[in-house]
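Notes to accompany the following structure.
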Amino acid sequence: MNLNMLEQIRLQLQKIDTDIVINGDLLMEKIEKTATILPRHDYTGRPDFAMQALIRGRILLMIDGVSYAIITPANIMLLFKSAEDNEYPLIVSSMERLLRIVGILISMLLPGFWLALTTYHQEQLPFLLLATVVESRTGLPFPTILEILMMLFMFELFREANLRLPSAVSGSVSVVGGLIIGDAAIKAGVQAPQ
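Written out as structure tokens, the structure is:
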């Protein structure tokens with residue numbers, strides 16, 4: 238455990254001037270003054286995952302009346318780790334973690350790669366694929382970048398709906414909603430059927 242970091246967190250906690258802490262986000266906002274792209278802490282409601290974090294030298298913050306613990310410092314590999322990973326053999330959990338990493342890399346890089354190919358490097362596409370792309374793009378009012386941004390926005394809406402709806406309905410609403418809205422966007426001529 239990093240004793241210097243533990244002492245810094247202890248000093249930051251003593252500087253907080255409030256009577257009530259409602260949740261962990263508010264507490265961590267008071268402790269962390271600078272904003273970052275990746276979170277510096279993680280949350281868990283599972284005692285076994287919290288114990289594993291302690292064993293691995295991380296700092297655990299618990300708030301009275303809050304049903305989860307805050308694990309800090311968090312790095313990118315901790316964010317890829319799931320609490321269920323230790324319930325499976327090492328090879329299975331390692332493959333699942335690798336799939337998570339590959340999935341995130343694909344979701345970050347593929348839209349930009351497709352935009353670069355279809356907008357600036359058409360000569361890199363096979364002729365039949367290029368002909369299909371050009372044919373599907375004729376008559377569309379929006380450029381490719383705007384189409385990609387609209388689709389990413391729709392994916393984010395479906396993800397939020399999946400989180401907020403009851404679990405019995407959420408999966409089917411996301412799939413059926415995506416199919417219906419995607420089909421309607423293609424028929425309206427707003428999106429290309431790619």
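Residue numbering for the sequence shown follows our numbering, starting at 238 and increasing by one per position.
Beta carbons are placed, not taken as given, at the ideal position from N, Cα and C, and that holds for glycine.
Model, not experiment: these values are computed from the prediction.
Three-pair Cβ contact test at 8 Å for the region 324-332 versus the region 263-280
A contact between stretches requires three or more CB pairs, one per stretch, nearer than 8 Å, and the region 324-332 fails this requirement with the region 263-280.
Is the beta carbon of F317 less than 9 Å from the beta carbon of I343?
no
For A398, I'd like the list of residues in its chain whose CB is within less than 8 Å of its CB, leaving aside the five on either flank, ordered along the chain.
So the list reads S407, V410, S411 and G414, once near-sequence residues are dropped.
Going by other Cβ atoms of all chains shown within 10 Å of its Cβ, with 16 needed for buried, is L264 buried or exposed?
buried
Nearest-angstrom Cα distance between Y357 and E372?
17 Å
When the Cα of R283 is compared with those of I253, S319, T309 and Q361, which residue comes out closest?
S319
With DSSP collapsed to three states, give me the class of A311.
coil
First and last residue of the uninterrupted beta strand (DSSP E) at I296
I296 to M299
Please report the Cβ distance between I268 and A290, rounded to the nearest whole angstrom; I am assuming they are in contact, meaning their Cβ atoms lie under 8 Å.
So it is not a contact: roughly 17 Å between Cβ atoms.
In the DSSP assignment, find the unbroken beta strand (DSSP E) run with D279 in it and report its ends.
D279 to T281
Determine whether the beta carbon atoms of L296 and L243 lie at a separation below 9 Å.
In the sequence on display, residue 296 carries Ile and not Leu. Yes, Cβ-Cβ distance for I296 and L243 is below 9 Å.
Measure the Cβ-Cβ separation of I382 and L352 and say whether it is below 9 Å.
Result yes, Cβ atoms of I382 and L352 sit closer than 9 Å.
Throw me the rounded Cβ distance for the R374 and A421 pair, which I believe falls under 8 Å.
Their Cβ separation, rounded to whole angstroms, is 19 Å, which puts R374 and A421 out of contact at 8 Å.
Rounded C-alpha distance that separates I417 from G426
14 Å
Please tell me whether V258 and V303 are closer than 9 Å, where the distance is taken between their beta carbons.
Taking a C-beta distance under 9 Å as the contact criterion, V258 and V303 qualify as a contact pair.
Does at least one heavy atom of the ligand FAD sit under 8 Å from the Cβ of I274?
With respect to the ligand FAD, the structure offers nothing, as it holds no ligand at all.
Given N260 as reference, the closest of A306, E321, S330 and P403 once Cα atoms are compared:
A306
Can you tell which of L346, P403 and F364 has the C-alpha that lies nearest to the C-alpha of I385?
Across the set L346, P403 and F364, the C-alpha of L346 shows the shortest separation from the C-alpha of I385.
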